[in-house]
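Notes follow once the structure below has been shown.
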Amino acid sequence: MLKEDALKLDEVVIVGYGTQKKVNLTGAVDQVTSKVFEKRPITNISQGLVGAVPNLNINMLDGKPTQSPTYNIRGTTSIGQGGNALVLIDGVEGDPRMLNPNDIESVSVLKDAASASIYGARAAFDVVLITTKSASKGKTSITYSANMSSKSPTAIPDHIVDSYPWAKSFSDAWSNWQDNGNTPTAINKTMVFSPAYLAEIKRRWENPDLPRIEINPNTGAYEYYYNTDWYKELYKDNFFAQDHNLSVSGGNDMASFYVTGRYNGENGLYRYNTDKTRWRN
1 MLKEDALKLD EVVIVGYGTQ KKVNLTGAVD QVTSKVFEKR PITNISQGLV GAVPNLNINM
61 LDGKPTQSPT YNIRGTTSIG QGGNALVLID GVEGDPRMLN PNDIESVSVL KDAASASIYG
121 ARAAFDVVLI TTKSASKGKT SITYSANMSS KSPTAIPDHI VDSYPWAKSF SDAWSNWQDN
181 GNTPTAINKT MVFSPAYLAE IKRRWENPDL PRIEINPNTG AYEYYYNTDW YKELYKDNFF
241 AQDHNLSVSG GNDMASFYVT GRYNGENGLY RYNTDKTRWR N
């Protein structure tokens, strides 16, 4: 049996034309508060909103902290460009990736025709309203928070790392191509794995005690028989990230202030020419 939750009817919801209590609200609006972002190792607010708001689809092309996501409400609404929700930060259109998650007071999602009547044609695909925290009067308060996290790739490609299976697969593919009457072009136009070379690769692959480098007595060129996992050579298994937040707030009837700062750093996934990031806002 469903039980009535009358307490939530007194919650204040931010909409395009001000604030209303849920009991008086007639439009389709969902709202989350700052609790969604608190004490979580997230880089931007989009990561915190994933799964928090019904029918809000957040698409991030990659995991970079600097990546700007797109917000889509209620699924795909256009086969062409567009279809993304209008994002307003304190009433001004902006990029949410520039915000510190700890500075967010609330996020409201307007999901009906009322949003278009308020904001016009730009809001045809609904609106995401982001409200940041404001100064609080009274004694000066200082808040500091920090977290550290370990990150790792979510999908690792399945690839061949041993020399003989790779060379044998290339040889079979090249031969089948030729059998179909086609001539390979560009980098694959030459078969570099002769039967004798394949046999030698297999012999050294089966016996790891044999040397991995030989000099061809006929050409004087080096011949390599290594088994190299290039994915492991280029990418780390995991990397660490840290986030530090400091805010100061206070004031009186005459004036109030709210000052905040943040440092976010990720070491990056690449072993060489690192892609580490340092984010301050």
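Just so we're aligned, residue 1 is where the sequence shown starts under the UniProt record's numbering, counting upward by one. Quick reminder that beta carbons are idealized off the backbone N, C-alpha and C, glycines included. Because the structure is a prediction, the values reported are computed rather than measured.
Within the DSSP bridge table, the entry for S68 names no partner.
For S106, the uninterrupted beta strand (DSSP E) run begins and ends at I104 to L110, by DSSP. DSSP assignment within the segment 132-173 yields the following whole beta strand (DSSP E) runs of 3 residues or more, N-terminal first: 138-151. Here I142 is exposed: its Cβ has fewer than 16 other Cβ atoms, across all protein chains shown, within 10 Å. Restricting attention to N267, S256 and N245, the CA atom closest to the CA of K39 is found in N245.
Put simply, of S145, M98, S106 and A135 the residue whose alpha carbon is nearest the alpha carbon of F257 is A135. Taking the Cα of V53 as reference, the smallest distance to any Cα among N59, V32 and Y144 is reached at V32. Here the alpha carbon of A116 sits roughly 60 angstroms from the alpha carbon of D172. Take M148, set aside five residues on each side of it, and the residues of its chain with a beta-carbon closer than 6 angstroms to its own are Q242, in chain order. When DSSP states are grouped into helix, strand and coil, I58 belongs to the strand group. Here V50 carries a coil assignment [DSSP, helix/strand/coil]. Within its own chain, the residues whose Cβ lies closer than 8 angstroms to the Cβ of Y272, once the five positions on either side in sequence are excluded, are L234, listed in chain order. Closest in C-alpha terms to A167, from the list Y144, A124, P195 and S145, comes P195.
Contact annotation, I45 with L129: C-beta distance approximately 13 angstroms; criterion of less than 8 angstroms not satisfied. Nearest Cα to D209 within the set Y225, A221, G220 and V87: Y225. About 6 angstroms separates the CB atoms of F239 and L269; that is less than 8 angstroms, so the two are in contact. A check of alpha carbon separations from A85 across D126, D95, P96 and G250 identifies D126 as the nearest. Around the beta carbon of S106, a 10 Å sphere encloses 16 or more other beta carbons of the protein chains shown; the residue is thus reported as buried. Taking 8 angstroms as the cut-off, the Cβ atoms of G48 and P101 count as close.
Beta-bridge partners assigned by DSSP to G75: none are found. In summary, E266 is buried, with 16 or more beta-carbon neighbours lying within 10 Å of its beta-carbon over all protein chains present. Bounds of the alpha helix (DSSP H) holding A114 are A113 to Y119. The Cβ neighbour count for N72, taken over all protein chains shown within 10 Å, is at least 16; the residue is labelled buried.
Judged by DSSP in its simplified three-state form, A85 adopts coil rather than helix or strand. Counting C-beta atoms within 10 angstroms of its own C-beta, P69 has 16 or more neighbours from the protein chains shown and is therefore classed as buried.
D237 is not a Cβ neighbour of K111, given a cutoff of 8 angstroms. Residue burial annotation: R122 is exposed, with fewer than 16 other C-beta atoms found within 10 angstroms of its C-beta.
Cα atoms of S145 and G250: separation of roughly 18 angstroms, rounded to the nearest angstrom. The beta carbon of R280 sits closer than 6 angstroms to those of Y263, all from its chain and outside the five residues before and after it, given in chain order. A distance of 8 angstroms or more separates the beta carbons of I156 and S169.
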